[in-house]
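**Student:** Chains as they are written, first to last, in our numbering: chain A, 1 to 313; chain B, 1001 to 1212.
Dropping a structure here in structure tokens format, bear with me for questions.
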């Protein structure tokens, strides 16, 4: 497999040749080194690679970066996971608190996912209100969780009408290397699988809830939603798992959320951009299914690694 | 699909405005553009498209942000932004009543408002919502009550140049067969919508300017 340096050399060889073909006569003969070309013509830089069937980081068009999942990084949280996809790093913590249920649903608990894209993860984000990407990914994750019945919220009931669990799922992006949506959602499901709640009891007389120190109760998760994102370059070229260098130049992106256990799809998000034909959508979904199985395996491996030794990190 | 109704040129200050009603869901859309853009948002070779989505009541939440993003990215692909560089096209959507399918109602209102404003478009897209209930029955353009019994819910926006799907939001649990079935049903519903849009726009032009 060509590494980034080989690909850059290939790119620069192509760039040199083409730089001499454009406008400037042969006698002027200037050429740009790849780093400069990448800065001043970024879309053209990526186009040169894609015309050869590879991408700037050396991957083929349909190749995904490996998802590395580790559980239990945050010992104070009820559940936590860290996910790395290439350079993209996100960390997710699940915190369970007790709250009063809504009067119209006295036995239902709450699941509140939230993605944060802080200034430290990328130069494009400044301190202030959450960026639109963070809010839209949070909303999509919330819609997927609710509509696929990931967790029956009645299992979060402590005492009907008085006390229920609320699970605050906080996902923080530490490094934005592209495709934060996938990393965030994989971290979410990994952290939920890792989550353990303490046993809780409601004491009517004192109107309080007492919880045990040990956390032993896992969540009853009905599905394993795995996200898979593709980008489209120049309206026609479908690429898998875009990096942060490719993302600004994409015509559109599409995210499939697939259930690793059954053959169901749990979500599709194409938030606009150029049109995609029906067979492209169906074909992309098939590739997505293969990727979802690979990620699900990595997730099971991470879970077994954690449960294998209680003393280990 | 529920019977729909649209009325145009309602607001005197807007460049274009449309109230689109699908059954009991109604959205008012106002378009200003091309207008002056802040230097920070200026694009040298294209118009900047800005969408503001206001729900009927209550504070704006992440749901409205997701709708704004979907409407904006869909319309950016349809508007010929290269014809108006360094300008702003602001699309404001106000939900009047929400009885299900609010995203597709809003998109349809926005598309017609852009035509009313005279903003050049690549094509005339149309948005359709559908759902599958737990028995596997497909409902086109469901109401809020019908959506409560849904197993999966799908919003599709189709390009009328026959090029495919501009936007899609699907949630719930569904198989690929159900998805392609919803796709095909929504595609034919969108074709009907597009021909009705065209005839209503032609009617308006004939009334204002005489026969074509």
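Just so it is clear, CB atoms sit at the ideal spot from N, CA and C, and this is done for glycine as well.
Less than 8 angstroms between the CB atoms is what I'm expecting for residue 1150(B) and residue 268(A), so what's the real figure, rounded?
**Tutor:** With 8 angstroms as the limit, residue 1150(B) and residue 268(A) do not qualify as a contact, their Cβ atoms being about 15 angstroms apart.
**Student:** Closest to residue 142(A) by CA distance: which of 156(A), 83(A), 189(A) is it?
**Tutor:** 189(A)
**Student:** Taking 7 angstroms as the threshold (beta carbon to beta carbon), is residue 1065(B) in contact with chain A?
**Tutor:** yes
**Student:** Quick one: what's got a C-beta closer than 6 angstroms to residue 241(A)'s C-beta in the same chain, skipping five residues either side?
**Tutor:** 64, 65, 179
**Student:** Taking just the CA atoms, how far does residue 177(A) sit from residue 89(A)?
**Tutor:** 8 angstroms
**Student:** Looking at chain E, is there any beta carbon in it that lies within less than 7 angstroms of the beta carbon of residue 1058(B)?
**Tutor:** Of the protein chains in the structure, A and B, none is chain E.
**Student:** Select from the stretch 262-285 of chain A all residues with a C-beta closer than 7 angstroms to any C-beta belonging to chain B, and list them in chain order.
**Tutor:** 263, 264, 265, 266, 267, 268, 269, 270, 271, 272, 273, 274, 275, 276, 277, 278, 281, 282, 285
**Student:** Which value, in whole angstroms, describes the spacing of the CA atoms of residue 1004(B) and residue 1068(B)?
**Tutor:** Cα to Cα, the separation comes out at about 22 angstroms.
**Student:** When you check each C-beta in the stretch 105-137 of chain A against every C-beta of chain B, which residues fall closer than 8 angstroms?
**Tutor:** 132, 135, 136
**Student:** By Cβ distance, which residues of its chain are closer than 8 angstroms to residue 272(A), with the 5 residues on each side in sequence left out?
**Tutor:** 252
**Student:** Closest by CA to residue 264(A), which one among 106(A), 144(A), 135(A)?
**Tutor:** 144(A)
**Student:** In chain order, what residues of the stretch 139-158 of chain A put their CB closer than 9 angstroms to some CB of chain B?
**Tutor:** 139, 140, 142, 143, 144, 146, 147, 148, 149
**Student:** Could you name the residues of the stretch 1067-1086 of chain B whose beta carbon sits closer than 8 angstroms to any beta carbon of chain A, in the order they occur along the chain?
**Tutor:** Result list: 1068, 1069, 1070, 1071, 1072, 1073, 1074, 1075, 1076, 1077.
**Student:** Would you please verify whether the beta carbon of residue 1190(B) is less than 7 angstroms from any beta carbon of chain A?
**Tutor:** no
**Student:** Below 7 angstroms between beta carbons is the criterion; list the residues of the stretch 1164-1185 of chain B that meet it against any residue of chain A, in chain order.
**Tutor:** 1164, 1165, 1166, 1167, 1168, 1169, 1170, 1171, 1172, 1173, 1174, 1175, 1176, 1179, 1180, 1183
**Student:** Is it the case that the stretch 99-118 of chain A contacts the stretch 1007-1020 of chain B, given that we only count it when at least three CB pairs across the two stretches are under 8 angstroms?
**Tutor:** Counting Cβ pairs under 8 angstroms, fewer than three are found: no touch.
**Student:** Alpha carbon to alpha carbon, how far is residue 1172(B) from residue 1054(B)? Give it in angstroms, no decimals.
**Tutor:** So the alpha carbons of these two residues sit roughly 25 angstroms apart.
**Student:** On the DSSP letters alone, give me the boundaries of the beta strand (DSSP E) that residue 1119(B) sits inside.
**Tutor:** It is not in any beta strand (DSSP E) - residue 1119(B) carries neither H nor E in the DSSP assignment.
**Student:** Note down, in chain order, every chain A residue with its Cβ under 7 angstroms from the Cβ of residue 1159(B).
**Tutor:** 275
**Student:** Taking CB distances under 7 angstroms as the criterion, tell me whether residue 1048(B) reaches chain A.
**Tutor:** no
**Student:** Does the stretch 1126-1137 of chain B come into contact with the stretch 229-236 of chain A, if we say contact requires no fewer than three beta-carbon pairs (one atom in each stretch) closer than 8 angstroms?
**Tutor:** No: fewer than three Cβ pairs fall under 8 angstroms.
**Student:** Residue 78(A) lies in the beta strand (DSSP E); which residues open and close that run?
**Tutor:** Per DSSP, residue 78(A) belongs to no beta strand (DSSP E) and is neither H nor E.
**Student:** Got a sec: which bits of the stretch 1094-1105 of chain B sit with their beta carbon under 8 angstroms from any beta carbon on chain A, in order along the chain?
**Tutor:** none
**Student:** Check whether chain A comes within 7 angstroms of residue 1062(B), counting only Cβ atoms and requiring the distance to be less than that.
**Tutor:** yes
**Student:** Do you know whose CA, among 247(A), 244(A), 69(A), lies nearest residue 191(A)'s CA?
**Tutor:** 69(A)
**Student:** With a CB to CB cut of under 6 angstroms and the five nearest residues on each side skipped, what residues in its chain are close to residue 1087(B)?
**Tutor:** 1034, 1037, 1047
**Student:** Which of helix, strand or coil does DSSP assign to residue 140(A)?
**Tutor:** helix
**Student:** Residue 197(A): which of 51(A), 146(A), 249(A), 216(A) sits nearest, CA to CA?
**Tutor:** 216(A)
**Student:** Quick check on residue 1184(B): buried or exposed, where buried means 16 or more other Cβ atoms within 10 Å of its Cβ?
**Tutor:** Label assigned to residue 1184(B): exposed.
**Student:** Would you identify the three-state DSSP class for residue 1177(B), choosing helix, strand or coil?
**Tutor:** Reduced to three states, the DSSP call for residue 1177(B) is helix.
**Student:** Could you give the first and the last residue of the continuous beta strand (DSSP E) run that contains residue 994(B)?
**Tutor:** For chain B, the structure presents residues 1001 to 1212; residue 994(B) sits outside this window and is missing.
**Student:** Do you know offhand how far residue 60(A)'s Cα is from residue 262(A)'s?
**Tutor:** 28 angstroms
**Student:** Quick check on the burial criterion: 16 or more other C-beta atoms within 10 angstroms. Buried or exposed for residue 124(A)?
**Tutor:** exposed
**Student:** Near residue 1178(B), which residues of its chain fall below 6 angstroms by C-beta distance, leaving aside the five closest residues on each side in sequence?
**Tutor:** Hits under 6 angstroms: 1132.
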